[in-house]
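Asker:
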Amino acid sequence: MEADEPGQLWRQYIIAGIVNIGMASTGYTIGWTSPAHPILKNATISPLGVAVTTDQEAWIGSLLAIGSIFGPFLSGYISSKWGYKWSLICSGIPLLLGWILIVISSTLYILYAARLFCGLGIGMLFTNSPLYCAEIATVDSRGALGSFLQLFNSAGFLPIYFIGSFASYNTIAYVGCSFVAVFCVGMIFMPESPMYHLTKNDKEAATKCLAKIRGRSPKAVQSELDKMNAEVTTAMARTATIKTLFQGNNLKAIFICCMLLFFQQFCGIDAVLFYLITIFDASGMRLESSIATIIIGIVLTVASGITSFVVDKYGRRLLLLISTVGTAISMGLLGMYFTLADSHVSVVDNLSFLPILSLVMYIVAFSIGLGPLPWALIGELLPIEVKNIASPIPTSLCWILMFFVTRFFSPIGEAIGMGPEFFTFGVFSILAFFFTLLYVPETKGKTFEEIQDILSGKSSRSQEKSKC
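Under this note's numbering, the first residue of the sequence shown is numbered 659, with each subsequent residue one higher.
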């Protein structure tokens, strides 16, 4: 029987992998500041002809976050009109323009514009990639595909750290352009989300897309498509407006997503990644910068990869709880080390191993939960009818918070010391633990409709079946 066709479920992983080449490009783009700053601070080799100041260097890094604040709203509009596929392809336009401007930059203001355009494209990608992956995934693999975002984003740091250690300024930018080009060309051959076609009442196109994603015949996917269509019909019966965003399940879902991304940023991840070498130097460890960044990049990528294999087995809540405990302990250890170092306590000489041990522990803990899962949960918790207008809210908040954390981590550290800063990140990790425990629902193995039932306080169908 055609309904019993096994299909080719590995296709969804290939499709998600191609979609997340864009996320690897974002990691490469964010990490560009690591090899670029030493070049820009050297007047003899800088393309600007002058050395940038410390303040200008900070703006070059943080303007990316400002551009990313506006990307989610643009991608939300495009995806509602033309679908996730074309919105993802369009995200490559500002990214490619940004890299071209980096190549031709002869003044600081052109470089500022380049980073703003790159940020715009990154903001678009971070909004639609998790939504697209959540909608093409089967229920039992949605967590794995959702965690691809962090895995590929982390993997994007490795080539920039490696290439940046020996390549020229322009060569680094050309590789960035190539990343974007490969992503955009690959996306042309990808299917649209079936749910998008269903929201446009185009069941025929939805059937073709789902059959392509599952590797089955149109008749064999009919049962799954009917369930999708029922979910979409129920969701679209509820009119989505700005007012309804802040009512009922919509408000609860947005609140949970925003708070998870708030804790993601205030556990200190971007401060750690942006100022990794500063942390190593301040600790007295004279590890060569290129080696230190590559080590952390490898740990980040491997740990993010592990999440893809375990998230659909152990669930989102458990991994988030373990993650927050791990980041709290590691930030506490770093805070203790720098507090002792600032107090010139003699015992600190015997603890030179502690900073790198704490950082590795921190990166592993972050990568199994706080890194990938807030993005995966955005694709799962937001109701179908409001995804396009609601998803920019938590995504933009994330980039606003990233701007403030990265912009002011260094000056605050100089004013009060790194110890108190790391203790603060540890406190936020503890708060994230209790927030997850009290408010974050488990979405493992749940359909979108069942997730909405959980948010509204009803028993999901799967829970009712387990009681029978």
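Built from N, CA and C at the ideal position, the CB exists for glycine as well.
Taking only the alpha-carbon atoms, compute the straight-line gap between Cys867 and Val890 and give it to the nearest angstrom.
Answerer: Approximately 16 Å between the Cα atoms of the pair.
Asker: Output the boundary residues of the alpha helix (DSSP H) element that contains Arg896.
Answerer: Careful: Arg896 lies outside any alpha helix (DSSP H) and carries neither H nor E.
Asker: According to DSSP, is Leu1028 helix, strand or coil?
Answerer: Three-state DSSP puts Leu1028 in coil, outside helix and strand.
Asker: What residue range does the alpha helix (DSSP H) around Ser1068 cover?
Answerer: Element bounds for Ser1068: 1050 to 1074.
Asker: In this structure, does DSSP put Gly866 in helix, strand or coil?
Answerer: With the sequence shown as reference, residue 866 is identified as Lys, and Gly is not the correct amino acid for it. Note: Lys866 maps to helix in three-state DSSP.
Asker: Could you tell me if Asn678 is buried or exposed, where buried requires 16 or more neighbouring beta carbons within 10 angstroms of its beta carbon?
Answerer: When all chains shown are included, Asn678 counts as buried.
Asker: For the alpha helix (DSSP H) that His1002 lies in, which residues bound it at each end?
Answerer: Where His1002 is concerned, there is no enclosing alpha helix (DSSP H), given that its DSSP letter is neither H nor E.
Asker: How would you label Gln666, buried or exposed, when you count the other beta carbons within 10 angstroms and need 16 or more for buried?
Answerer: It is exposed - the Cβ of Gln666 has fewer than 16 other Cβ atoms within 10 Å.
Asker: With a cut-off of 8 Å on the beta carbons, I'd call Gly680 and Phe841 a contact; round off their distance for me.
Answerer: The Cβ separation is near 5 Å, so the contact holds.
Asker: Could you give the C-beta distance for Ser683 and Leu753, rounded to a whole number, given that I count them as a contact under 8 Å?
Answerer: Indeed, because the Cβ distance is near 7 Å, the residues count as touching under 8 Å.
Asker: Taking only runs of the alpha helix (DSSP H) that begin and end inside the segment 822 to 868, which ones reach a length of at least 4 residues, in chain order?
Answerer: DSSP runs (the alpha helix (DSSP H)) wholly in the segment 822 to 868: 827 to 846, 852 to 857.
Asker: Taking the alpha carbon of Thr902 as the reference point, which residue from Ile697, Ala1048, Ala839 has its own alpha carbon closest?
Answerer: The shortest Cα separation from Thr902 among Ile697, Ala1048, Ala839 belongs to Ala1048.
Asker: Only counting runs of 4 or more residues, tell me where the alpha helix (DSSP H) segments fall wholly within the segment 688 to 765, in order along the chain.
Answerer: For the segment 688 to 765, whole alpha helix (DSSP H) runs of length 4 or above, ordered along the chain, are 691 to 698, 712 to 740, 742 to 762.
Asker: Please report how far the alpha carbon of Met1019 lies from the alpha carbon of Ile1026, in whole angstroms.
Answerer: Rounded to the nearest angstrom, the two C-alpha atoms are 11 Å apart.
Asker: Can you list, in chain order, the residues of its chain with a C-beta nearer than 7 Å to that of Arg1065? Leave out the 5 residues immediately preceding and following it.
Answerer: Result list for Arg1065: Ala716, Ser720, in chain order.
Asker: Taking 9 Å as the threshold (C-beta atoms), are Thr785 and Thr1101 in contact?
Answerer: Taking 9 Å as the Cβ cut-off, Thr1101 and Thr785 do not qualify as a contacting pair.
Asker: Straight-line CA distance for Asp928 to Ile1021?
Answerer: Answer to the nearest angstrom: the Cα atoms are 11 Å apart.
Asker: According to DSSP, is Pro1078 part of a helix, a strand, or is it coil?
Answerer: Three-state result, Pro1078: helix.
Asker: Could you check if Ile1074 is buried or exposed, using at least 16 other CB atoms within 10 Å of its CB as the buried criterion?
Answerer: By the 10 Å Cβ count, Ile1074 comes out exposed.
Asker: Is the beta carbon of Leu1031 less than 9 Å from the beta carbon of Gly729?
Answerer: No; because the gap between Cβ atoms is not below 9 Å, this pair is not in contact.
Asker: I'd like the span of the alpha helix (DSSP H) that includes Cys925, first residue to last.
Answerer: Element bounds for Cys925: n/a, residue is neither H nor E.
Asker: Name the two residues that bound the continuous alpha helix (DSSP H) containing Ala878.
Answerer: That residue, Ala878, is in no alpha helix (DSSP H); it is neither H nor E in DSSP.
Asker: In chain order, what residues of the same chain lie with their CB nearer than 6 Å to the CB of Gly779, ignoring the 5 residues before and after it?
Answerer: Excluding residues within five positions, the ones whose Cβ falls inside 6 Å are Ser749, Pro752, Leu753.
Asker: Return the CA-CA distance between Gly1103 and Trp1057, expressed in angstroms with no decimal places.
Answerer: Whole-angstrom Cα-Cα distance: 30 Å.
Asker: Between Ile718 and Cys835, how many whole angstroms is the CB-CB distance? I'm expecting something under 8 Å.
Answerer: Contact doesn't hold; Cβ gap of about 19 Å is too wide.
Asker: Residues in the same chain with beta-carbon distance under 8 Å from Ala911, minus the five sequence neighbours each way, listed in chain order, please.
Answerer: These residues qualify, in order along the chain: Leu1039, Leu1040, Pro1041, Ala1048, Leu1113.
Asker: Compute the beta-carbon to beta-carbon distance between Val710 and Leu722, rounded to the nearest angstrom, for a pair I have assumed lies under 8 Å.
Answerer: Not really, about 15 Å apart at Cβ, beyond 8 Å.
Asker: State the Cα-Cα distance for the pair Cys1126 and Ala864, rounded to the nearest angstrom.
Answerer: With a pLDDT of 42 at Cys1126, under the threshold of 50, the predicted position of this residue should be treated as unreliable, and no value is reported.
Asker: Following the continuous alpha helix (DSSP H) through Val677, name the residue where it begins and the one where it ends.
Answerer: Counting along the chain, the alpha helix (DSSP H) containing Val677 begins and ends at 668 to 677.
Asker: Would you kindly report the start and end of the unbroken alpha helix (DSSP H) that includes Arg800?
Answerer: Per DSSP, Arg800 belongs to the alpha helix (DSSP H) from 800 to 804.
Asker: Could you give the DSSP three-state label for Thr1105: helix, strand or coil?
Answerer: Here Thr1105 sits in coil by DSSP.
Asker: Decide if Phe824 is buried, meaning its Cβ has at least 16 other Cβ atoms within 10 Å, or exposed.
Answerer: Exposed, by the Cβ-count rule.
Asker: Tell me which residues share the same chain as Ser1087 and place their Cβ nearer than 7 Å to its Cβ, disregarding the 5 neighbours each side in the sequence.
Answerer: Hits under 7 Å: Cys925, Thr982, Thr985, Ala986, Met989.
Asker: Is it buried or exposed, Met659, if we count other Cβ atoms within 10 angstroms and call 16 or more buried?
Answerer: Model confidence at Met659 stands at a pLDDT of 42, short of 50, so the residue's coordinates are unreliable and nothing is read from them.
Asker: On the criterion of 16 or more Cβ atoms from any shown chain inside 10 Å, does Leu1095 qualify as buried, or is it exposed?
Answerer: Under this definition Leu1095 is an exposed residue.
Asker: Determine the DSSP secondary structure at Gly1115, reduced to helix, strand or coil.
Answerer: Reduced to three states, the DSSP call for Gly1115 is coil.
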